[in-house]
Amino acid sequence: MKHLIPDPLSNQVDELLSYIPQSGTALFVPDLFYIECTNVLWKYIRAGQYDLADLADDMVELRSLPFLAVSAPDLMSDAINIAVAQGISAYDACYVALSQQASAPMLTLDLKLVNKLSATAYDVRDFSGEKFA
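Here you go:
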């Protein structure tokens with residue numbers, strides 16, 4: 046969302062999005078990511094912090110991002126096991142399960158989640174500390 050709604054980390058998000066095609070790196074998201082983003086836009090609209098005139102273009106932009114979407118049903122068995130074992134939400138666990146399945150680190154701004162999983166085998170990293178070049 047920081048790509049669509051200006052934020053102090055917007056530049057870093059844009060760096061990541063520029064880095065992906067150059068590096069051949071794949072960026073995976075669970076398919077529920079798109080509904081989560083839509084919900085964030087809805088919250089900004091309700092709060093009067095987002096111009097409704099931008100919505101159609103931003104929805105097209107969101108769909109065009111270079112992400113590989115993985116079906117939530119393909120993640121749910123692992124996600125529930127991770128959620129129960131680690132005491133985290135099934136939503137968060139869905140991203141962790143995807144990270145495991147893709148053998149890739151999970152990048153997040155949720156420092157509580159990063160700290161909670163820091164002593165586990167899960168590779169969950171603070172996005173704000175990552176560099177893309």
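Under our numbering, the first residue of the sequence shown carries the number 46, and numbering increases by one thereafter. Glycine included, each C-beta is placed from N, C-alpha and C at the ideal position. If you're wondering where the values come from, they're calculated on a predicted model, not measured in any experiment.
Can you give, in chain order, each stretch of the beta strand (DSSP E) that sits fully within the region 64 to 112 and has at least 3 residues?
72 to 75
At which residues does the alpha helix (DSSP H) containing ASP155 begin and terminate?
From DSSP, ASP155 is part of no alpha helix (DSSP H); its letter is neither H nor E.
Look at PRO66 and TYR140 and say whether their C-beta atoms are less than 9 Å apart.
no
Between the beta-carbon of TYR167 and the beta-carbon of GLN131, is there less than 9 Å?
yes
Assuming the contact rule is C-beta atoms closer than 8 Å, ASP171 and LEU156 should be a hit. Round their C-beta distance to whole Å, please.
6 Å
Quick one, are the C-beta atoms of TYR64 and ARG108 less than 9 Å apart?
no
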